[in-house]
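Report on the structure given below.
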Amino acid sequence: MDDYALPFWVHLAVVTVLVGGAVKKVLASHLSAGPTLVAWLGATVLVERLWAFCLPALLLLVLLGLAYRLCWRSRTGPPTAILPAEGKAVLITGCDSGFGHAAAKRLDALGFEVFATVMDLTGDGARELQRTGSSRLTVLQVDITQPQQVQQALLDTKAKLGLRGLWGLVNNAGVCVNFGDAELSLMSNFRGCMEVNFFGTLCVTKCFLPLIRQAKGRIVTISSPAGDQPFPCLAAYGASKAALNLFTDTLRHELEPWGVHVSTVLPSSYKTGHSSNHTYWEQQHKQLLQSLSPALLDEYGEDYVTETKDLFQSFAKQANPDLSPVTGTIVHALLAPQPQARYYAGPGVGLMYFIHSYCPFSLSNRFLQKLFLKKKLVPRALRKQSGLEVGLDLDHLYNNNNNNNEEKLQQL
Ligand SMILES: *[C@@H]1O[C@H](CO)[C@@H](O)[C@H](O)[C@H]1NC(C)=O
Numbered sequence: 001m002d003d004y005a006l007p008f009w010v011h012l013a014v015v016t017v018l019v020g021g022a023v024k025k026v027l028a029s030h031l032s033a034g035p036t037l038v039a040w041l042g043a044t045v046l047v048e049r050l051w052a053f054c055l056p057a058l059l060l061l062v063l064l065g066l067a068y069r070l071c072w073r074s075r076t077g078p079p080t081a082i083l084p085a086e087g088k089a090v091l092i093t094g095c096d097s098g099f100g101h102a103a104a105k106r107l108d109a110l111g112f113e114v115f116a117t118v119m120d121l122t123g124d125g126a127r128e129l130q131r132t133g134s135s136r137l138t139v140l141q142v143d144i145t146q147p148q149q150v151q152q153a154l155l156d157t158k159a160k161l162g163l164r165g166l167w168g169l170v171n172n173a174g175v176c177v178n179f180g181d182a183e184l185s186l187m188s189n190f191r192g193c194m195e196v197n198f199f200g201t202l203c204v205t206k207c208f209l210p211l212i213r214q215a216k217g218r219i220v221t222i223s224s225p226a227g228d229q230p231f232p233c234l235a236a237y238g239a240s241k242a243a244l245n246l247f248t249d250t251l252r253h254e255l256e257p258w259g260v261h262v263s264t265v266l267p268s269s270y271k272t273g274h275s276s277n278h279t280y281w282e283q284q285h286k287q288l289l290q291s292l293s294p295a296l297l298d299e300y301g302e303d304y305v306t307e308t309k310d311l312f313q314s315f316a317k318q319a320n321p322d323l324s325p326v327t328g329t330i331v332h333a334l335l336a337p338q339p340q341a342r343y344y345a346g347p348g349v350g351l352m353y354f355i356h357s358y359c360p361f362s363l364s365n366r367f368l369q370k371l372f373l374k375k376k377l378v379p380r381a382l383r384k385q386s387g388l389e390v391g392l393d394l395d396h397l398y399n400n401n402n403n404n405n406e407e408k409l410q411q412l
């Protein structure tokens, strides 16, 4: 045993991680295995050679590897689609704005027969689609949480399709009712997200599946990285998307014998109609402040809740306005002979998954915290404790004088 020096064990650990990573990649069906496997094995051999050379070279290699992965992801993107769009019918939900609206336009331009569902037939989004779309495009009013409306859309679609099946269903409609710490999130937030993102999508999918099976078509669902990773302040939205992810992943197994391909698209942060609606978020914020129990509001502090709202809004402002990476993946999922099970659409989302999949929790947690909402305030009750580690007397003092905490701290 004395022969085995520490460097050997470190070396062994590094090689194990690399080989393990390669094996994991091959096993994970959602990543194209070939090029990644070659890259990982190549890196393993290089590490073997360089180890004898020096440690900095190894670190350099790791950095180069990471940089390569990132470039490779963003440069190549999905390969070009091959199947013709002509004669294929697609239904997209949530086309008032955002991804749905952009996808409806793009698929229409490609020659698909598009059924675009909107919440509001008289809204700007719907009217624009009707004005600019081809004669193949049909706009239907559907609130996906209302089964009768979904049924009506099925009847309208069937009336146009005749005996033909439906090639594609793009489950795009979704909401983020509100955001914030789970304890501060109203039950109506959790239920609202579930109602639309999970039950609504479930209802549409079940309803249109017979037509999709008939065409041996495709189901493409727009989900979110928040359904896989614990983004701070997105518990309600994330939990509904997690349920959605599991549902679609299960569906993928079950529909394989029918020749139906099921894909999930996980976009990074984009500017969509809802996310940049300042009025909406202000309303939600006001309603939250009115609904929280005084005790809870006192413990967290109104400034804490307001900071979360402000951070979220500035995050939404910085989001990417160019939706084409997402519509591109939707096209690929609909027209590639072998669509991917998962699409990571947009800058940074590949890196996020890399860190989430291969790094320890401590690191990926910190990454999510730094990436998303960079909170400066801690809940008010904790400020009292950590500001000064004095006992009960001080607490008593503060509780009597909540508005002047900061001043009191300075005086003391
Ligand atoms: C923004 O939200 C408000 C309040 O919910 C709503 O009335 C309005 O229609 C929304 N605007 C857009 C452009 O979606």
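Just so it is clear: in the sequence shown, position 145 is 145 by full-length UniProt numbering, and no numbers are missing.
For every residue, glycine included, the Cβ atom is placed at its ideal position computed from N, Cα and C.
Heavy atom of ligand 1 within 7 Å of residue i beta-carbon
i: N189; result: no
i: T279; result: yes
i: Q290; result: no
i: G273; result: yes
Nearest neighbour of residue i, chosen from the options [CA to CA]
i: L296; options: T306, A381 and F190; result: A381
i: G227; options: T44, E86 and R342; result: R342
i: E183; options: V305, L60, P347 and T44; result: V305
i: residue 449; options: L371, R383, C359 and R366; result: Nothing can be reported for residue 449, as the shown portion of the chain is limited to 1 through 412.
i: V262; options: Y300, V220, S276 and K216; result: V220
i: S276; options: L351, K309, D120 and A336; result: K309
i: W258; options: Q214, T250 and A242; result: Q214
i: Q313; options: H285, R131, L110 and E195; result: H285
i: L91; options: L140, A43 and L63; result: L140
i: D298; options: P232, R383 and F315; result: R383
i: Q146; options: Y237, G200, L351 and T205; result: G200
i: D124; options: P379, G328, E307 and G273; result: G273
i: Y270; options: T279, L161, P325 and E86; result: P325
i: D143; options: R127, N172 and S134; result: N172
i: F367; options: V378, F354, L129 and E128; result: F354
i: G21; options: L363, A39 and P7; result: A39
i: Y280; options: V204, F8 and A316; result: A316
i: L323; options: G98, G350, L64 and T138; result: G98
i: T250; options: F361, G350 and T205; result: T205
Rounded straight-line distance, which links the Cα of residue j to that of residue i
i: I82; j: Q338; result: 10 Å
i: Y68; j: K374; result: 28 Å
i: V177; j: P230; result: 17 Å
i: N197; j: G100; result: 14 Å
i: V10; j: V17; result: 11 Å
i: L154; j: C207; result: 7 Å
i: N365; j: A235; result: 14 Å
i: L121; j: L41; result: 54 Å
i: C193; j: Q318; result: 23 Å
i: A242; j: Q369; result: 19 Å
i: L166; j: V114; result: 10 Å
i: D96; j: G174; result: 11 Å
i: R131; j: A116; result: 13 Å
i: R106; j: E254; result: 30 Å
i: H30; j: L371; result: Unreliable positioning characterises H30 in this predicted model, as indicated by a pLDDT of 48, which lies under 50. The coordinate reading is nonetheless provided below. Near 24 Å, if we compare the C-alpha coordinates of L371 and H30.
i: V15; j: V45; result: 9 Å
i: L186; j: L163; result: 46 Å
i: K158; j: S135; result: 17 Å
i: L58; j: L246; result: 38 Å
i: D303; j: Q290; result: 14 Å
i: L292; j: L244; result: 28 Å
i: D108; j: T138; result: 10 Å
i: K376; j: L311; result: 10 Å
i: C203; j: V150; result: 8 Å
i: V19; j: L12; result: 10 Å
i: Q225; j: T329; result: As written in the sequence, residue 225 is Pro, which differs from the Gln given in the question. Between P225 and T329, the C-alpha separation is close to 15 Å.
Residue i in three-state terms, based on DSSP
i: F115; result: strand
i: H274; result: coil
i: G391; result: Note that G391 scores a pLDDT of 42, beneath 50, so its modelled location is shaky; the value from the coordinates is reported in the next line. DSSP places G391 in coil when its eight states are reduced to three.
i: N171; result: strand
i: S263; result: strand
i: T122; result: coil
i: N178; result: coil
i: R191; result: helix
i: I82; result: coil
i: R221; result: The sequence shown places Thr at residue 221, rather than the Arg named in the question. T221 falls in the strand class under three-state DSSP.
i: R69; result: helix
i: R131; result: helix
i: L137; result: coil
i: L91; result: strand
Any non-hydrogen atom of ligand 2 within 7 Å of residue i CB
i: Q283; result: Questions concerning ligand 2 fall outside what the structure shown contains, since the ligands it does hold are ligand 1.
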